[in-house]
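**Student:** 88 is the number of the first residue of the sequence shown in our numbering; add one for each residue after it. No residue lacks a Cβ here, since even glycine has one placed at the ideal position from N, Cα and C. This structure is a prediction, so every number in the text was calculated from the model and none was measured.
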Amino acid sequence: MKHSLILWSSALLLTFLTGYIQSGTSEYYPITGTFGIDEKKVSYRFEKIYNDKGDYTFIIRTDNPNIKAVVKWKKENENKWEVEEMRNDEETLVARIPRQNAGEKILYFAEIKKDEKKYTIPDKPVTILFQGYVPSMISFLSNFALLGGLLLSFRTGLEFFNENQKIKKLTLFTAGFFFVYTIAVTPLRKSYELNAINNKVVPITSLFDLQSVLLFLLWIAAMIIVFRVKNPKLPALVFAIVNTLVFLFVRF
């Protein structure tokens with residue numbers, strides 16, 4: 088019992104660390120920063136992907152009530168920059184960028200003014216991708232299926248260190264999670280991201296991504312091999328390692 092608890096705890100820790108690394112190295116990881124104006128903090132966060140309802144709200148947090156700011160933005164293939172004045176709202180500056188159609192991108196940055204000084208953040212315009220609104224339940228199911236599969240894959244690989252191994256059972260559960268993620272949840276999530284629900288018919292290839300397909304096929308292959316070899320410990324460990332590499336490095 089104690090040994091099993093250690094293995095599950097290790098799998099949970101590996102899942103957290105891997106998810107953190109994957110999120111932090113994603114091309115859609117927001118740009119954040121903090122600097123000072125007259126010894127007062129100014130903090131910002133530029134999102135790179137937006138799939139919520141309504142316009143995109145950009146916020147700058149500051150302790151300095153005397154600064155003013157504007158947001159400049161333009162569509163990816165246009166030359167004209169639109170200017171949105173940021174309004175003061177207690178300790179924040181707020182501006183709204185009109186919501187774009189699913190799949191469209193804009194470039195944006197902010198200019199902060201204090202007396203005669205002007206600060207441009209960040210160093211170059213940020214590109215943000217607009218997607219269709221994804222309900223929170225769909226996002227939850229997607230993350231639950233993906234991270235659940237990742238957790239079980241680590242736990243399956245860690246059976247390499249367990250004498251009374253249950254690799255076949257764990258492999259089935261892992262494959263089941265990735266089946267749900269790839270065949271059921273991902274197409275539904277992408278349908279919302281593409282704003283296709285009740286609006287348009289999209290190519291079936293647009294409803295899947297390479298990462299989810301590879302993860303599913305990987306554990307189909309794992310099931311075949313695990314159930315055929317006499318000692319599945321090493322294959323299970325190898326599949327868990329490959330699963331981690333796919334999760335970290337296949338992003339499309």
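Per DSSP, what kind of secondary structure is P152 in: helix, strand or coil?
**Tutor:** On the sequence shown, position 65 is the one that residue 152 refers to. It is coil, neither helix nor strand.
**Student:** Am I right that I136 and Q187 are in contact with their C-beta atoms under 8 Å? What's the rounded C-beta distance?
**Tutor:** The sequence position of residue 136 within the sequence shown is 49, counting from 1. The sequence position of residue 187 within the sequence shown is 100, counting from 1. No, I136 and Q187 are not in contact; Cβ-Cβ is about 12 Å, not under 8 Å.
**Student:** Do three or more CB pairs link the segment 154-161 to the segment 199-206 at distances below 8 Å?
**Tutor:** With the cut-off at 8 Å, the segment 154-161 and the segment 199-206 touch.
**Student:** Please give the ranges of any alpha helix (DSSP H) in the segment 240-320, keeping only runs that are unbroken, at least 4 residues long and fully inside the region.
**Tutor:** Segments of the alpha helix (DSSP H) lying fully in the segment 240-320: 254-266, 273-280 and 297-313.
**Student:** Kindly list the residues whose CB is nearer than 6 Å to the CB of W306, restricted to its own chain and excluding five residues on each side of it in sequence; keep chain order.
**Tutor:** On the sequence shown, position 219 is the one that residue 306 refers to. Closer than 6 Å at the Cβ level, and outside the excluded window around W306, lie T261, A262 and F265.
**Student:** Going by DSSP, what residues sit across from T207 in a beta bridge?
**Tutor:** By 1-based counting over the sequence shown, the position of residue 207 is 120. DSSP, once it has assigned bridges, lists E198 as partnering T207.
**Student:** Mapping DSSP to helix, strand and coil, what is Y141?
**Tutor:** Stepping through the sequence shown from its first residue, residue 141 is reached at position 54. According to the sequence displayed, residue 141 carries Gly and not Tyr. Three-state DSSP puts G141 in coil, outside helix and strand.
**Student:** Determine, using beta carbons only, whether L233 and Y268 come nearer to each other than 8 Å.
**Tutor:** Within the sequence shown, numbered from 1, the residue matching residue 233 stands at position 146. Within the sequence shown, numbered from 1, the residue matching residue 268 stands at position 181. Going by C-beta atoms, L233 is nearer than 8 Å to Y268.
**Student:** Please name the residue in P117, L100, A271 and T105 whose C-alpha comes closest to that of L335.
**Tutor:** Here the question's residue 335 lines up with position 248 in the sequence shown. Answer by Cα proximity: T105.
**Student:** Considering Cα atoms alone, identify which of T258, I291 and R338 is closest to R315.
**Tutor:** What you label residue 315 is simply residue 228 of the sequence shown in a count that begins at 1. Ranking T258, I291 and R338 by Cα distance to R315 puts T258 first.
**Student:** Can you look up S113 in the DSSP assignment and give me helix, strand or coil?
**Tutor:** Here residue 113 refers to the residue found at position 26 of the sequence shown. Coil.
**Student:** For N282 and I270, I'd like the C-alpha separation in whole angstroms.
**Tutor:** Counting from one through the sequence shown, the residue named residue 282 turns up at place 195. Counting from one through the sequence shown, the residue named residue 270 turns up at place 183. The straight-line gap from Cα to Cα measures roughly 19 Å.
**Student:** Is the Cβ-Cβ distance between F247 and A323 less than 8 Å?
**Tutor:** Your numbering for residue 247 matches position 160 in the sequence shown. Your numbering for residue 323 matches position 236 in the sequence shown. Yes. Within cutoff.
**Student:** Does DSSP put A182 in a helix, in a strand, or in coil?
**Tutor:** Translated into positions along the sequence shown, residue 182 becomes position 95. In this structure, A182 counts as strand in the three-state DSSP scheme.
**Student:** Based on DSSP bridge pairs, tell me the residues matched to I193.
**Tutor:** Residue mapping note: residue 193 aligns to position 106 of the sequence shown, counting from 1. Its beta-bridge partners are K162 and I215.
**Student:** Quick one: is I147 buried, meaning 16 or more other Cβ sit within 10 Å of its Cβ, or exposed?
**Tutor:** The count along the sequence shown starts at 1 and reaches residue 147 at position 60. The residue is buried, with at least 16 neighbouring Cβ atoms inside 10 Å.
**Student:** For a quick check, are the C-beta atoms of W160 and I193 less than 8 Å apart?
**Tutor:** Counting from 1 along the sequence shown, the entry for residue 160 is found at position 73. Counting from 1 along the sequence shown, the entry for residue 193 is found at position 106. Against a cut-off of 8 Å, the Cβ pair of I193 and W160 comes out as a contact.
**Student:** If we ignore side chains and look at the alpha-carbon of each, how far apart do S96 and F339 end up?
**Tutor:** As a position in the sequence shown, residue 96 is number 9, starting the count at 1. As a position in the sequence shown, residue 339 is number 252, starting the count at 1. Taking the straight line from one Cα to the other gives about 30 Å.
**Student:** Is the Cβ-Cβ distance between Y195 and P212 less than 8 Å?
**Tutor:** Taking the first residue of the sequence shown as position 1, residue 195 is located at position 108. Taking the first residue of the sequence shown as position 1, residue 212 is located at position 125. Closer than 8 Å, so yes.
**Student:** Would a C-beta distance cut-off of 8 Å place T102 and L301 closer than the cut-off?
**Tutor:** Taking the sequence shown and counting its residues from 1, one reaches residue 102 at position 15. Taking the sequence shown and counting its residues from 1, one reaches residue 301 at position 214. Not in contact: T102 and L301 (Cβ atoms no closer than 8 Å).
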